[in-house]
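Q: Take a look at the following structure, please.
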Amino acid sequence: MTLVQLAEAGDVGGVLRELGSLTPDERAAQAEALEARRAPMRAGWYHVAEEQRTAQLAAELGCRTDPVTAADWIVRPENGAESLFLPLGGAWMLDVVNLHPVAWRAELAARLADRSTPGKTVRSDLIEHLVHDTGCPVPTSAGFIQSWLRWRDNTWKHPTHLRGGPRPGATFLERLRTDDLSPTLLPLALERPDVYLGVESFHHLLTTRGRSYIREDTTLGVFISLAEEGLVDRAALIRRVFADLAAGESWGLNAAVALTELALTPAEHASRTRERVALADTLLTRLLQDGTRAETAPPLAYLRALALTPAENALALRDHVALLDLSSPVASYAQEVLTGLDEAGLLEPDVFTEACERVLLRPEKKLVRAQLARLDRAARTDPGRAARTVLDAATALGHRDIDVQERALDVIARHLKDAGDLVLPDLRTAAARINPALAARAADLFGTAADRRTGQYADVLPAVPEPRPVPGPIGTAVEVAEELAAVVANDKDVVTFERVLDGLVRHAHLDRAALAQALKPVMRREPRETLDFTQSDVYDVARALRGDEPRKYDFTARQGRNAASPAGELLRARLAEAIGIIEGDAQPFLLSVPTDATGALDAAVLVRRLEVLDGLGITPAPIDLAQALLRVTPTADETALGAAGQLGSDAGQRLARWLREGGLPHWDCGRTGWPDAHAGKYPTEWASHLPAEPALGVPLLPAAATLIGPHRDGVLHNPMVPFWLAQLPHHRELVLARDYFRYRASMRGWAHALPLAAESGGPAGFALHLALAITLTYDQQGERDAAVDALLVLAARGELDAGLLGQQLAEMLRGKWIEANRVTASLRTAADTGAYATVWSVLETALPHLLRDPVVRGTGALLALGVDCASRCAAKGGIPEVTAAAGRSGSSQVVKNARLLREVLG
0 MTLVQLAEAG DVGGVLRELG SLTPDERAAQ AEALEARRAP MRAGWYHVAE EQRTAQLAAE
60 LGCRTDPVTA ADWIVRPENG AESLFLPLGG AWMLDVVNLH PVAWRAELAA RLADRSTPGK
120 TVRSDLIEHL VHDTGCPVPT SAGFIQSWLR WRDNTWKHPT HLRGGPRPGA TFLERLRTDD
180 LSPTLLPLAL ERPDVYLGVE SFHHLLTTRG RSYIREDTTL GVFISLAEEG LVDRAALIRR
240 VFADLAAGES WGLNAAVALT ELALTPAEHA SRTRERVALA DTLLTRLLQD GTRAETAPPL
300 AYLRALALTP AENALALRDH VALLDLSSPV ASYAQEVLTG LDEAGLLEPD VFTEACERVL
360 LRPEKKLVRA QLARLDRAAR TDPGRAARTV LDAATALGHR DIDVQERALD VIARHLKDAG
420 DLVLPDLRTA AARINPALAA RAADLFGTAA DRRTGQYADV LPAVPEPRPV PGPIGTAVEV
480 AEELAAVVAN DKDVVTFERV LDGLVRHAHL DRAALAQALK PVMRREPRET LDFTQSDVYD
540 VARALRGDEP RKYDFTARQG RNAASPAGEL LRARLAEAIG IIEGDAQPFL LSVPTDATGA
600 LDAAVLVRRL EVLDGLGITP APIDLAQALL RVTPTADETA LGAAGQLGSD AGQRLARWLR
660 EGGLPHWDCG RTGWPDAHAG KYPTEWASHL PAEPALGVPL LPAAATLIGP HRDGVLHNPM
720 VPFWLAQLPH HRELVLARDY FRYRASMRGW AHALPLAAES GGPAGFALHL ALAITLTYDQ
780 QGERDAAVDA LLVLAARGEL DAGLLGQQLA EMLRGKWIEA NRVTASLRTA ADTGAYATVW
840 SVLETALPHL LRDPVVRGTG ALLALGVDCA SRCAAKGGIP EVTAAAGRSG SSQVVKNARL
900 LREVLG
């Protein structure tokens, strides 16, 4: 039988016997036929029976009669070069190779080693056997060394038919210690850049498997251990590690672990100065871009592990100074470096002063304290620096935190005598910014009279928002189209949306064909897809008006697919009704278009609109009428009330009664028995939009009843948007209690509605203040700032109930629902605008609750803020809980600041 026939039969033994009986030329003559058989099998090669695959492979290899072509065949991936184990154990390959003489096999070993690819080829087991079998030199190619290391790094079972293989050992380190090839190959591995040492997982392995695993079972870790034992040249290892680090792009935390394990001596550090400085330069460039804590942690760890000396750091002095303005971890590293430069005498005085100016006004007290401590040490060590020290420390007198100011005064007081009188004028100037509670001490130190505040204090608050009238109806069809495009681009603008919806109804009544033609160009841009109903869905009204096919996810198609907000449901109903009005030409305009940007509708204007419809004999659409009634501003104007009473239609009489009885009633959205009855409940459960008892007043139209009644508490995917408030412009409490709370309070973006709620109408009650209290503690600065804006607007309008807000904050802090540091930061932001009395009025209520045993964590910082605010607004009148805290022993932040506040309040 021929080799092809034996391969087809899957007769491996028959193939080997036939190869043994043939001459090299006879075997080579059958190679072409075997290749022709293999070609159609390649696509489904691994579905072929193992015996047939093995017979085919053995026959093909046997027909490669010179070492070069045999090596080329063996290293092809389709022939198993990248597979650990060959079909049927692989003994057939050795049987085929053994058909050739020793010299042939020795050359095959060399050719295979030359062709081995690091990371892919794993046939070092065969090469190693040939080395032992023929006595040929040990190959030194990177591919062979990498494959050899890979076999030693694992506990794979070495084929029994092959000589060599790893020695017994529980760890990679143990196996290499006793390996016959280690003395030859380990030094070469360090000289071959393609041999992978690897640190990519060092940090993860350190945290999950421990240091011993790194040192005993990772390639680089094992090399470090062997270098310590003298089995690997340490200098060569260090050269190789830094070469790899230079070639790597973002090793970060892994590189830091590797360098820590390598533990360079001072002499070794010096020998690699050029490489270390170059690596640090790249890392500093990355840090100058700043980023989140997670983004900056890897380069910071890497830099610290490089352990640059002060002289080496001095080469990048300006970069380190610039880092002081960035995020806290980055600034902290730069501060460490610059402190080291100063201690080494490598920092010019002007640069040190610049560093102080950058650090001492930062909000992070840890950084500020460290800088003040460095100033103190420097002057203690060298009294000749006292003058510059006290002037540098004086920068901190302008810090917003009274504790920092007090520390700065301590440093100045210790070194003022050595500084001399020449510094006093500058110190007096700096003291002008100090907290009034410390003014007397500063005056004693600097020889000036204490600032005694006289005159009436008044907060600096934002201007009360002026009314923003809504322009009249859109004049032309072309303008309707232009404004529609604006709504599609920005669905947050209430005024534009309301005018567009009215414009579609109004101009469809006047000339529908002309309007349809004008709308054509803007139909090309569809609104973004949303889950809830939004104002951009007015686009679908325009499509219906034109007779176009609905878009795939128009507002009618989304109905029922997802949980919509109550506000979204009313919007959907209004849009659907508008389509009906247009199709039936039932109404020449809409009643519910507001006259103010908040959504409010002037009563006299609504009366005139109804007079027009009554004159035309038109009954207004029910949802349009319901929205108009919810928007109409309550009025005591007898002219407007009288005109409403003269309306003869059912809608007119409903409006007249609505106005006479004050419209939709208001009710308290706080839960009965708060706070005692709600201890342990999450703060968002403290408010409800449903009245405790059925509300009296005019019966609501169905659409309005749906808007303010019980609703399905589904998942709201979109944060509150302005039109939610504009639907109920005189009942912001109801809107907030209905939509802002439960689990939705933590959703991104909801905070940005609060300034709009502050400008809206109706009582500012429990729900609005609770929304403020919760949002003042959000983790995002932008959202906390929105809450501060709302707080200031309410204060400017005289609508802020500081006592209620203070109690809500205190209850949340005592319940550990919120973090005190965020409350402090937000109230500090408000105070820094000049609203010291407003913030003090909140703290005045909160502090007594927070100082009860056990004192709430973070109260010390709130007391410090209270000292600042009370002293600046000249507040007086003792607080028993503050007095009690001030009388305690010790020097904790709570006790120190309570004493200061007690003194301020008199």
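Numbering (numbering that gives the first Met the number 0), first residue to last: 0 to 905.
Cβ coordinates follow ideal geometry from the N, Cα and C atoms, glycine included.
Considering only the beta carbon of each residue, do serine 331 and threonine 597 sit closer than 8 Å?
A: Translated into positions along the sequence shown, residue 331 becomes position 332. Translated into positions along the sequence shown, residue 597 becomes position 598. No.
Q: Report yes if the CB atom of leucine 460 is closer than 8 Å to the CB atom of leucine 808, and no otherwise.
A: The residue labelled residue 460 in the question sits at position 461 within the sequence shown. The residue labelled residue 808 in the question sits at position 809 within the sequence shown. No, they are not a contact pair.
Q: Once you ignore the five residues that flank isoleucine 617 on each side, which residues in its own chain have a CB closer than 8 Å to its CB?
A: The sequence position of residue 617 within the sequence shown is 618, counting from 1. Taken in chain order, the residues that qualify are Ala585, Gln586, Pro587.
Q: Which of the three DSSP states is assigned to glycine 802 in this structure?
A: Taking the first residue of the sequence shown as position 1, residue 802 is located at position 803. In the three-state reduction of the DSSP assignment, glycine 802 falls in the helix class.
Q: Answer with buried or exposed for glutamine 288, where buried requires no fewer than 16 other C-beta atoms within 10 angstroms of its C-beta.
A: Counting from 1 along the sequence shown, the entry for residue 288 is found at position 289. Per the 10 Å Cβ criterion, exposed.
Q: Between which two residues does the alpha helix (DSSP H) harbouring glutamine 892 extend?
A: Here the question's residue 892 lines up with position 893 in the sequence shown. Here the alpha helix (DSSP H) through glutamine 892 covers 892-904.
Q: Helix, strand or coil: how does DSSP classify proline 66 here?
A: The sequence position of residue 66 within the sequence shown is 67, counting from 1. Helix.
Q: If you compare alpha carbons, which of Ala897, Thr159, Leu689 is closest to histidine 730?
A: Your numbering for residue 730 matches position 731 in the sequence shown. Among Ala897, Thr159, Leu689, the Cα nearest to that of histidine 730 belongs to Leu689.
Q: For the segment 786-801 and the segment 657-672, state whether three or more C-beta atom pairs, one from each stretch, are separated by less than 8 Å.
A: With a cut-off of 8 Å on Cβ pairs, the segment 786-801 is not in contact with the segment 657-672, counting fewer than three such pairs.
Q: Leaving out five residues on either side along the sequence, give the residues of the same chain with a beta carbon under 7 Å from the beta carbon of alanine 744.
A: In the sequence shown, residue 744 corresponds to position 745, counting from 1. Residue confidence is low: alanine 744 scores 48 on pLDDT, short of 50, so the model does not pin down where it sits. No coordinate-derived value is stated.
Q: Kindly give me the distance between the Cβ atoms of leucine 14 and alanine 48, rounded to whole angstroms, as I take these residues to be in contact under 8 Å.
A: Counted from its first residue, the sequence shown places residue 14 at position 15. Counted from its first residue, the sequence shown places residue 48 at position 49. According to the sequence as given, residue 14 is valine; it is not leucine. The beta-carbon distance between valine 14 and alanine 48, rounded to whole angstroms, is 14 Å. This is too long to meet the 8 Å contact definition.
Q: Under 8 Å, Cβ to Cβ, is there at least one residue of chain C near methionine 92?
A: No chain C is present in this structure, which holds just one protein chain.
Q: Check this for me: beta carbons of leucine 861 and valine 881, under 8 Å apart or not?
A: Stepping through the sequence shown from its first residue, residue 861 is reached at position 862. Stepping through the sequence shown from its first residue, residue 881 is reached at position 882. Not in contact: leucine 861 and valine 881 (Cβ atoms no closer than 8 Å).
Q: When you compare the CB positions of leucine 107 and leucine 93, do they come within less than 8 Å of one another, or not?
A: For the purposes of this step, residue 107 is taken as residue 108 along the sequence shown, with counting starting at 1. For the purposes of this step, residue 93 is taken as residue 94 along the sequence shown, with counting starting at 1. No, Cβ-Cβ distance for leucine 107 and leucine 93 is not below 8 Å.
Q: Run through the segment 450-537 for me and flag every whole beta strand (DSSP E) of 3 or more residues, listed as ranges in chain order.
A: none
Q: Can you have a look at tyrosine 301 and say buried or exposed, based on whether 16 or more other CB atoms are within 10 angstroms of its CB?
A: In the sequence shown, counting from the first residue as 1, residue 301 sits at position 302. Buried: at least 16 other Cβ atoms inside 10 Å.
Q: Would you check if there are 3 or more beta carbon pairs closer than 8 Å linking the segment 837-844 to the segment 796-816?
A: Taking a cut-off of 8 Å for Cβ pairs, the segment 837-844 and the segment 796-816 touch, as three or more such pairs fall below it.
Q: Leaving out five residues before and five after tryptophan 72 in sequence, what residues of the same chain have Cβ atoms less than 8 Å from its Cβ?
A: Here residue 72 is taken as the residue at index 73 of the sequence shown, counted from 1. So the qualifying residues of the chain are Glu59, Leu60, Arg63, Asn78.
Q: Quick check on DSSP: helix, strand or coil for glutamate 7?
A: Start at 1 with the first residue of the sequence shown, and residue 7 comes out as number 8. Glutamate 7 falls in the helix class under three-state DSSP.
Q: In the DSSP output, what is glycine 669 paired with across the bridge?
A: For this step, residue 669 is matched to residue 670 along the sequence shown. According to DSSP, which records beta bridges pairwise, glycine 669 is partnered with Ala686.
Q: Tell me the residue span of the alpha helix (DSSP H) that contains aspartate 24.
A: The count along the sequence shown starts at 1 and reaches residue 24 at position 25. First-last of the alpha helix (DSSP H) with aspartate 24: 23-28.
Q: Give me the Cβ distance between leucine 605 and leucine 590, rounded to the nearest whole Å; I'm assuming they're in contact under 8 Å.
A: Residue 605 sits at position 606 when you count from the first residue of the sequence shown. Residue 590 sits at position 591 when you count from the first residue of the sequence shown. 7 Å between Cβ atoms; contact.
Q: Could you say which of Asn820, Gly661, Asp675, Gly142 lies nearest to alanine 635 if we only look at CA atoms?
A: As a first step, residue 635 must be located in the sequence shown, where it is residue number 636. The residue with the shortest Cα to Cα distance from alanine 635 is Gly661.
Q: Out of curiosity, what's the CA-to-CA distance linking leucine 56 and alanine 70?
A: Here residue 56 corresponds to residue number 57 of the sequence shown, with the count starting at 1. Here residue 70 corresponds to residue number 71 of the sequence shown, with the count starting at 1. Roughly 14 Å separates the two Cα atoms.
Q: Candidates Pro167, Gln145, Glu335, Arg379: which alpha carbon is nearest alanine 188's?
A: Within the sequence shown, residue 188 is the residue found at index 189, counting from 1. Of Pro167, Gln145, Glu335, Arg379, the residue nearest in Cα terms is Gln145.
Q: Given a cut-off of 8 Å, decide if valine 479 and leucine 503 are closer than it, judged by their beta-carbon atoms.
A: Taking the sequence shown and counting its residues from 1, the one referred to as residue 503 is at position 504. Taking the sequence shown and counting its residues from 1, the one referred to as residue 479 is at position 480. A contact, by the Cβ cut-off of 8 Å.
Q: Would you list the one or two residues that DSSP bridges to valine 631?
A: For this step, residue 631 is matched to residue 632 along the sequence shown. Answer is Leu600, bridged to valine 631.
Q: Would DSSP call aspartate 124 helix, strand or coil?
A: Sequence index remark: in the sequence shown, residue 124 carries index 125 (1-based). Three-state result, aspartate 124: helix.
Q: What does the Cβ neighbour count give for glutamate 949, buried or exposed, with the cut at 16 atoms within 10 Å?
A: The question about residue 949 has no answer here: the residues shown for the chain are numbered 0 through 905.
Q: What's the gap between the Cα of alanine 869 and the Cα of isoleucine 433?
A: Taking the first residue of the sequence shown as position 1, residue 869 is located at position 870. Taking the first residue of the sequence shown as position 1, residue 433 is located at position 434. Approximately 14 Å, taken between the alpha carbons.
Q: Just to confirm before moving on: does the CB-CB distance between valine 96 and arginine 104 stay below 8 Å?
A: Mapped onto the sequence shown, residue 96 falls at position 97. Mapped onto the sequence shown, residue 104 falls at position 105. Yes. Within cutoff.
Q: Would tryptophan 150 and serine 123 be called neighbours here (beta carbons separated by less than 8 Å)?
A: For the purposes of this step, residue 150 is taken as the residue at position 151 of the sequence shown. For the purposes of this step, residue 123 is taken as the residue at position 124 of the sequence shown. The Cβ atoms of tryptophan 150 and serine 123 sit closer than 8 Å to each other.
Q: Go ahead and label tryptophan 919 buried or exposed: buried means 16 or more other beta carbons lie within 10 angstroms of its beta carbon, across all protein chains shown.
A: With the chain represented from 0 up to 905, any question about residue 919 goes unanswered, as that position is not in the structure.
Q: What are the boundary residues of the alpha helix (DSSP H) that includes glutamate 228?
A: Position 229 of the sequence shown holds residue 228. No alpha helix (DSSP H) contains glutamate 228, which DSSP labels as neither H nor E.
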